[in-house]
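*Asks:* Quick one: structure below, then a few questions.
Protein chains in written order, with my numbering: chain A, 770 to 1070; chain B, 770 to 1070.
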């Protein structure tokens, strides 16, 4: 633990830190899935909690339109609600910003945050502003609700499940990463009409996120790379590794395939739904290194 | 809005931004009180939400012990729960940190966060880490619960109410700002045994916070400066303007004075409780400039 974060990496750091954190009897799912899932006193439904941040020069540049920054900051958190088929309801905004920043920039930022929140009837109920000598940091914390029988984790996938993705993959950096709409309506429709076994949103690229879902479900996977729904002018490599797609990845029994594809086309005629592969039994090697990225994408046995 | 934030100031900025933000039918109290108060589907109690941040070189220095930084970051948010007599239950941590920072520093930070959370059985249920080129920013978002009839706002003060503060005031910068314990137990005891009309925590100094409570209650106030419970080696001026006391300020009918003082001494023998003044009718000038700080501390008519 005397190494710099750069060398250790975020995943390893959190793997060291999170198991030691306090839990209580109301925690259903703590750190590790898209949202935290907890019980709220006297309520049947579960409370979902999520925090997410965007940082200047990491998630946006000084030149990025402030309204687009706000939209992105809010939609990233809402996308994690889609991943669990949750309904986001309340947001808090924390802003660390240099005193020399234009008030009009902050005004536009809030306009973008509020526009994205309004899209899903989320109320911005408070926040905090602090000065910083460094880059702007915007943190969006969201609370919401999900019915117990419609909360979809990453860990529920079953062997032989089909893997589906919504939309198209790759090339998000050309602008889509600032303009996307969280797939909340689609996720809610899915869980109203089908038994979805596992789900997450694609934020770090298929090559990272498919293994995450498979690992959480204690399964292996295979992907048909030729089936991937490529964004215009994108290569298969980009569709796998680009990240920031904010599409849904989910696992569902192959018995539902025909009905799902038919009803989906009717309900969301403009949004592709693509079967990209399947979950399967994991190899006997229990602690194998999980594959990441293009080269190792078809899981080795 | 083309001015820099430095000139406009945070309060004015938020006053411009907040009224335009989306609300929905589940919002009881939005931005402006210590926590947001919202309804949760199917529950009788209210859901409380709060976010707060500490920034390197603003709220702590590079030399501050990381565990103390974590303790402070968590306790600041918990203090806002005390202010509403709420029970904090779940916390999310968002951390923006330079890649060159030592992993051991972050480990110690989490240890401090977790120790403060454990003090009140709060579960840390997730978080997010991002790189930044600038100072460390730590955001703590907390969700919790309060019974409808025990949720105390700033706005409920009545004319002639006594104003009380817990503990001692001033000189927090000598170390107490890193070590304080949120007054949650005291606030819960108060609302279990008394009808408290208005309450808040003292974070910006009595000279700023008393006028805030009075203004929210649409009342004036008078303070007996000789009565203020001064921390050791502090002047009256410091007790009024230092800030970061994280003590409770509350308004309660003078009919309760004798019983309150007697029961308090029995329940919390080591913690002073001091009547510092009272609320009274506001002058006829409706939009008068509210007094701040020492010189104008006794409200002018």
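For every residue, glycine included, the Cβ atom is placed at its ideal position computed from N, Cα and C.
With 8 angstroms as the limit, tell me which residues of the segment 805-820 of chain B have their beta carbon closer than that to any beta carbon of chain A; keep them in chain order.
*Replies:* Flagged, chain order: 805, 807, 809, 810, 811, 812, 813, 814, 816, 818, 819, 820.
*Asks:* Report yes or no: do three or more beta-carbon pairs, one from the segment 959-974 of chain B and one from the segment 887-906 of chain B, lie closer than 8 angstroms?
*Replies:* The segment 959-974 of chain B, when compared against the segment 887-906 of chain B, does not touch it at the 8 angstroms Cβ threshold.
*Asks:* If I follow the unbroken beta strand (DSSP E) through residue 779 of chain A, where does it start and stop?
*Replies:* Element bounds for residue 779 of chain A: not the beta strand (DSSP E) but the alpha helix (DSSP H), 779-786.
*Asks:* Given this structure, state the Cα-to-Cα distance separating residue 895 of chain A from residue 1026 of chain A, to the nearest angstrom.
*Replies:* Those two C-alpha atoms are separated by around 43 angstroms.
*Asks:* Evaluate residue 820 of chain B with the Cβ neighbour count: other Cβ atoms within 10 Å of its Cβ, from every protein chain shown; 16 or more gives buried, anything less gives exposed.
*Replies:* Under this definition residue 820 of chain B is a buried residue.
*Asks:* Hey, does residue 904 of chain A have any beta-carbon neighbour from chain B nearer than 7 angstroms?
*Replies:* Chain B, which has a Cβ nearer than 7 angstroms to the Cβ of residue 904 of chain A, makes this yes.
*Asks:* Going by DSSP in three states, residue 918 of chain B sits in which element: helix, strand or coil?
*Replies:* If DSSP states are grouped into helix, strand and coil, residue 918 of chain B belongs with the helices.
*Asks:* Show which residues of chain A have a CB atom less than 7 angstroms away from the CB atom of residue 1099 of chain B.
*Replies:* In the structure displayed, chain B extends from 770 to 1070; residue 1099 of chain B sits before or after that span and is not available.
*Asks:* Kindly indicate which residue of A:994, A:974, A:800 has the alpha-carbon position closest to the one of residue 1012 of chain A.
*Replies:* When each option's Cα is compared against that of residue 1012 of chain A, the closest is A:974.
*Asks:* Per the DSSP calculation, residue 1042 of chain A is bridged to which residue(s)?
*Replies:* In DSSP, residue 1042 of chain A forms a bridge with A:935.
*Asks:* Quick one, which of A:984, A:972, A:1039, A:1023 has its alpha-carbon nearest residue 1008 of chain A's?
*Replies:* It is A:972.
*Asks:* Does any residue of chain B have a CB that is nearer than 7 angstroms to the CB of residue 897 of chain A?
*Replies:* Closer than 7 angstroms: yes.
*Asks:* Is the Cβ-Cβ distance between residue 932 of chain B and residue 1046 of chain B less than 7 angstroms?
*Replies:* The answer is yes: Cβ separation under 7 angstroms.
*Asks:* First and last residue of the alpha helix (DSSP H) that includes residue 841 of chain B?
*Replies:* Start and end: 835-852.
*Asks:* Are the C-beta atoms of residue 920 of chain B and some chain A residue less than 7 angstroms apart?
*Replies:* No - not a single Cβ of chain A is within 7 angstroms of the one on residue 920 of chain B.
*Asks:* Output needed for residue 865 of chain B: all residues of its chain with C-beta closer than 6 angstroms, excluding positions within five of it in sequence on either side, in chain order.
*Replies:* Taken in chain order, the residues that qualify are 899, 901, 906.
*Asks:* Across the segment 904-921 of chain A and the segment 980-989 of chain A, are there enough close Cβ pairs to call them in contact, namely three or more that are closer than 8 angstroms?
*Replies:* Flag = no, the segment 904-921 of chain A and the segment 980-989 of chain A do not touch.
*Asks:* Going by alpha carbons, who is nearest to residue 995 of chain B out of B:805, B:988, B:818, B:1044?
*Replies:* Looking at the Cα atoms, B:1044 is the closest of the given residues.
*Asks:* Select from the segment 876-887 of chain B all residues with a C-beta closer than 7 angstroms to any C-beta belonging to chain A, and list them in chain order.
*Replies:* Flagged, chain order: 876, 879, 883, 886, 887.
*Asks:* Using the C-alpha atoms, what's the distance from residue 935 of chain A back to residue 1001 of chain A?
*Replies:* Going by the C-alpha atoms only, they are around 15 angstroms apart.
*Asks:* If residue 822 of chain B sits next to residue 911 of chain B, beta carbons under 8 angstroms apart, how far is it from one beta carbon to the other, in whole angstroms?
*Replies:* No, residue 822 of chain B and residue 911 of chain B are not in contact; Cβ-Cβ is about 12 angstroms, not under 8 angstroms.
*Asks:* From what residue to what residue does the alpha helix (DSSP H) around residue 953 of chain A run?
*Replies:* Here the alpha helix (DSSP H) through residue 953 of chain A covers 953-962.
*Asks:* Since residue 1042 of chain A meets chain B, which of its residues come closer than 8 angstroms, beta carbon to beta carbon?
*Replies:* Within chain B, no residue comes near residue 1042 of chain A; the closest Cβ sits about 29 angstroms away, beyond 8 angstroms.
*Asks:* One question on the structure: do residue 806 of chain A and residue 795 of chain A come within less than 7 angstroms of each other, judged by their Cβ atoms?
*Replies:* No; because the gap between Cβ atoms is not below 7 angstroms, this pair is not in contact.
*Asks:* Give a yes or no on whether 7 angstroms exceeds the smallest Cβ distance from residue 834 of chain B to chain A.
*Replies:* For residue 834 of chain B, the answer is no, since every Cβ of chain A falls outside 7 angstroms of its Cβ.
*Asks:* For residue 877 of chain B, collect the residues of the same chain with a Cβ closer than 6 angstroms to its Cβ; drop the 5 residues on either side in sequence, then sort them by chain order.
*Replies:* Counting only Cβ-Cβ distances below 6 angstroms, and skipping sequence neighbours, we find 835, 836.
*Asks:* Nearest-angstrom Cα distance between residue 799 of chain A and residue 924 of chain A?
*Replies:* Those two C-alpha atoms are separated by around 13 angstroms.
*Asks:* Are residue 833 of chain A and residue 791 of chain B closer than 7 angstroms when you measure CB to CB?
*Replies:* In this structure, residue 791 of chain B does not lie closer than 7 angstroms to residue 833 of chain A by Cβ.
*Asks:* By alpha-carbon positions, which one of A:987, A:783, A:863, A:851 ends up nearest to residue 803 of chain A?
*Replies:* For the residues A:987, A:783, A:863, A:851, the minimum Cα distance to residue 803 of chain A belongs to A:851.
*Asks:* Please state the DSSP three-state secondary structure of residue 997 of chain B.
*Replies:* Here residue 997 of chain B sits in coil by DSSP.
*Asks:* From what residue to what residue does the alpha helix (DSSP H) around residue 979 of chain A run?
*Replies:* Element bounds for residue 979 of chain A: 975-985.
*Asks:* Residue 893 of chain A touches chain B at which residues, Cβ-Cβ below 7 angstroms?
*Replies:* Chain B residues near residue 893 of chain A: 790, 791.
*Asks:* By how many angstroms is the C-alpha of residue 945 of chain A removed from the C-alpha of residue 946 of chain B?
*Replies:* Answer to the nearest angstrom: the Cα atoms are 44 angstroms apart.
*Asks:* Under the three-state reduction of DSSP, which class applies to residue 886 of chain B: helix, strand or coil?
*Replies:* In the structure shown, residue 886 of chain B sits in a helix (DSSP, three-state: H, G or I).
*Asks:* Where does residue 828 of chain B fall in DSSP's three states?
*Replies:* Of the three classes helix, strand and coil, the one that applies to residue 828 of chain B here is coil, per DSSP.
*Asks:* What number of angstroms, rounded off, separates the C-alpha of residue 780 of chain A from the C-alpha of residue 1039 of chain B?
*Replies:* Computed Cα separation, rounded: 45 angstroms.
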